[in-house]
Amino acid sequence: MIYNIAVIPGDGIGPEIVREAMKILDKIGEVYGHQFNYTEVLMGGISIDKTGVPLTDEALEQAKNSDSVLLGAVGGDVGNSNWYQLPPNLRPEAGLLALRKGLELFANLRPAVLYPELKGACPLKDEIVGEGFDFVVVRELTGGLYFGPRKTESQNGLRIATDTLIYDENEIRRIAKWAFEIAMKRSKKVCSVDKANVLDSSRLWRQVTKEVSKDYPEVELTDMLVDNCAMQIVKDPRQFDVILTENMFGDILSDEASMITGSIGMLPSASLGNTKLGLYEPSHGSAPDIAGQNKANPIATILSAAMMLRYSFDLEEEANQVEAAVQTVLNKGYRTIDIMSHQGRLVGTDEMGDLIAAEIRRR
Ligand code: IPM
Ligand code: MG
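With the sequence shown counted from 1, adding 22 to any position gets you my numbering.
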């Protein structure tokens, strides 16, 4: 089969980590007889530099016309980069939000798995981690505070900024269904996270989630307040299977979840909608401080490419193969700097990619 992939290297470490993910896809293609064609698409700061805007209409069209999109990272150093002197709707991150919205990718899956090999890099105590944890954050991605009307104004010399958190029941229902469908293939537990003791949008979230749960009698639904959830993730992460939550809470909780897996450099993500076209990107940012130094961990991007194989192309065996290769390389002790502990063997970004590619073979 031929698969056409729009590749968005983006900014900072983006180009380096995307290169390694393409290396892995090419190896999968070689071993399994698939062809991956890549079209490079501009987005983020690099797009601002070249076109004046973070995502052009042509770039969005290119992404829409592909079978799937692989993304590195966008954005720069907020304190120093000129990109952040621009109005908010012209900054790098606005390109990413426009892409998610333009492709109608409302479901963001962020799996948090502790590899036994990385226990040493996990900041939690042994008795909390036990045999490890395996949960997935299902984050709503095209609604809530990120997309509600916003403004900054001045009234009688007083500066006032407003952001709006809006959800309609259809937006909640479709993401809740995703969470229940995923739970059916896992341990059949959904924990829906909200702030229903304060927010109307959360109270609606709770009601609609409960309604959706009636169609999934086998799945156990619990509700949890977001502040408690932030605490429970570090107190007892093994209690979770699927965490379902709105956009902003999911952004925050998924960073926390990634940290307890040993490093934010390990956490992949898939953003999906109602078609097979998905956007696959690491959950971490562009790390401008280490860009171009061959230090970045490419594993989150490589695991995102595995999710692409699984969710967009239905290549389950190939996806498993990539994940197994990552595990083997970790098992052999190879580490990028972010997951390095005393016994590891330090490698750079490109060497990590080479090592993982070398482990991919038909079994
Ligand atoms: C993420 C990122 C983005 C988000 C930023 C870059 C806009 O933090 O994917 O988690 O908040 O969604
Ligand atoms: Mg984030």
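Yeah, the Cβ is synthetic: ideal placement off N, Cα and C, and Gly gets one too.
Just to check my reading of the structure: residue i and residue j have Cβ atoms closer than 8 Å, yes? What is that Cβ distance to the nearest angstrom?
{"i": "residue 331", "j": "residue 341", "result": "4 Å"}
{"i": "residue 96", "j": "residue 124", "result": "That belief does not hold up - the Cβ atoms of residue 96 and residue 124 are roughly 15 Å apart, past 8 Å."}
{"i": "residue 127", "j": "residue 300", "result": "7 Å"}
{"i": "residue 39", "j": "residue 344", "result": "Actually they do not touch by this definition, with Cβ atoms about 14 Å apart."}
{"i": "residue 302", "j": "residue 329", "result": "6 Å"}
{"i": "residue 312", "j": "residue 35", "result": "6 Å"}
{"i": "residue 121", "j": "residue 77", "result": "6 Å"}
With 16 other CB atoms within 10 Å as the buried threshold, where does residue i fall?
{"i": "residue 133", "result": "buried"}
{"i": "residue 364", "result": "exposed"}
{"i": "residue 309", "result": "buried"}
{"i": "residue 23", "result": "exposed"}
{"i": "residue 161", "result": "buried"}
{"i": "residue 283", "result": "buried"}
{"i": "residue 176", "result": "exposed"}
{"i": "residue 37", "result": "buried"}
{"i": "residue 294", "result": "buried"}
{"i": "residue 180", "result": "exposed"}
{"i": "residue 29", "result": "buried"}
{"i": "residue 368", "result": "exposed"}
{"i": "residue 98", "result": "buried"}
{"i": "residue 231", "result": "buried"}
{"i": "residue 351", "result": "buried"}
{"i": "residue 138", "result": "exposed"}
{"i": "residue 239", "result": "exposed"}
{"i": "residue 63", "result": "buried"}
{"i": "residue 114", "result": "buried"}
Who are the Cβ neighbours of residue i in its own chain at under 6 Å, not counting the five residues just before and after it?
{"i": "residue 188", "result": "170"}
{"i": "residue 319", "result": "287, 358, 360"}
{"i": "residue 56", "result": "23"}
Could you say which of the options lies nearest to residue i if we only look at CA atoms?
{"i": "residue 339", "options": "215, 99, 356, 385", "result": "385"}
{"i": "residue 370", "options": "58, 358, 349", "result": "358"}
{"i": "residue 44", "options": "146, 337, 368, 325", "result": "325"}
{"i": "residue 251", "options": "85, 159, 147, 307", "result": "159"}
{"i": "residue 116", "options": "199, 151, 164", "result": "164"}
{"i": "residue 184", "options": "84, 168, 368, 282", "result": "168"}
{"i": "residue 61", "options": "55, 77, 139, 92", "result": "92"}
{"i": "residue 105", "options": "126, 122, 33, 57", "result": "33"}
{"i": "residue 182", "options": "172, 190, 191", "result": "172"}
{"i": "residue 199", "options": "129, 350, 314, 223", "result": "129"}
{"i": "residue 202", "options": "121, 178, 241", "result": "241"}
{"i": "residue 274", "options": "261, 253, 263", "result": "253"}
{"i": "residue 245", "options": "266, 238, 237", "result": "266"}
{"i": "residue 211", "options": "235, 196, 349", "result": "235"}
{"i": "residue 262", "options": "88, 334, 156, 249", "result": "156"}
{"i": "residue 314", "options": "27, 41, 25, 382", "result": "41"}
{"i": "residue 119", "options": "65, 88, 100", "result": "65"}
{"i": "residue 353", "options": "374, 56, 337", "result": "374"}
{"i": "residue 94", "options": "327, 366, 31, 272", "result": "31"}
{"i": "residue 336", "options": "298, 307, 101", "result": "298"}
{"i": "residue 248", "options": "174, 221, 229, 237", "result": "221"}
{"i": "residue 186", "options": "366, 223, 376, 89", "result": "223"}
{"i": "residue 192", "options": "114, 58, 229", "result": "229"}
{"i": "residue 376", "options": "362, 356, 366", "result": "356"}
{"i": "residue 90", "options": "378, 166, 327", "result": "327"}
Just curious, the alpha helix (DSSP H) that residue i is in, first and last residue?
{"i": "residue 269", "result": "269-282"}
{"i": "residue 155", "result": "Unbroken run through residue 155: none, as it is neither H nor E."}
{"i": "residue 82", "result": "79-86"}
{"i": "residue 343", "result": "338-353"}
{"i": "residue 202", "result": "191-206"}
{"i": "residue 54", "result": "36-54"}
{"i": "residue 164", "result": "Per DSSP, residue 164 belongs to no alpha helix (DSSP H) and is neither H nor E."}
Under 7 Å Cβ to Cβ from residue i, same chain only, skipping five residues before and after it: list those, please.
{"i": "residue 75", "result": "69, 112"}
{"i": "residue 151", "result": "136, 141, 144"}
{"i": "residue 208", "result": "263, 264"}
{"i": "residue 154", "result": "136, 138"}
{"i": "residue 73", "result": "64"}
Less than 6 Å between the CB of residue i and some heavy atom of ligand 3, yes or no?
{"i": "residue 33", "result": "What this structure holds is ligand 1 and ligand 2, not ligand 3."}
Could you spell out where the beta strand (DSSP E) holding residue i opens and where it closes?
{"i": "residue 123", "result": "No beta strand (DSSP E) contains residue 123, which is instead part of the alpha helix (DSSP H) from 114-124."}
{"i": "residue 228", "result": "Taken as a continuous stretch (DSSP letters only), residue 228 belongs to no beta strand (DSSP E), being part of the alpha helix (DSSP H) at 222-235."}
{"i": "residue 95", "result": "90-95"}
{"i": "residue 326", "result": "Where residue 326 is concerned, there is no enclosing beta strand (DSSP E), although the alpha helix (DSSP H) it sits in stretches over 321-333."}
{"i": "residue 311", "result": "Run containing residue 311: none; DSSP gives neither H nor E here."}
{"i": "residue 242", "result": "242-247"}
{"i": "residue 32", "result": "24-32"}
{"i": "residue 73", "result": "Taken as a continuous stretch (DSSP letters only), residue 73 belongs to no beta strand (DSSP E), being part of the alpha helix (DSSP H) at 67-73."}
{"i": "residue 62", "result": "57-62"}
Once you ignore the five residues that flank residue i on each side, which residues in its own chain have a CB closer than 8 Å to its CB?
{"i": "residue 305", "result": "132, 276, 277, 280, 286, 289, 290, 291, 322"}
{"i": "residue 146", "result": "256, 259, 282"}
{"i": "residue 227", "result": "189, 194, 214, 216, 218, 268"}
{"i": "residue 316", "result": "38, 370, 371, 372"}
{"i": "residue 382", "result": "46, 49, 50, 53, 343, 344, 347"}
{"i": "residue 387", "result": "Since the first and last residues shown for the chain are 23 and 385, residue 387 lies out of range."}
So, does the CB of residue i fall closer than 7 Å to a CB anywhere in chain B?
{"i": "residue 101", "result": "The structure shown contains no chain B; it is built from a single protein chain."}
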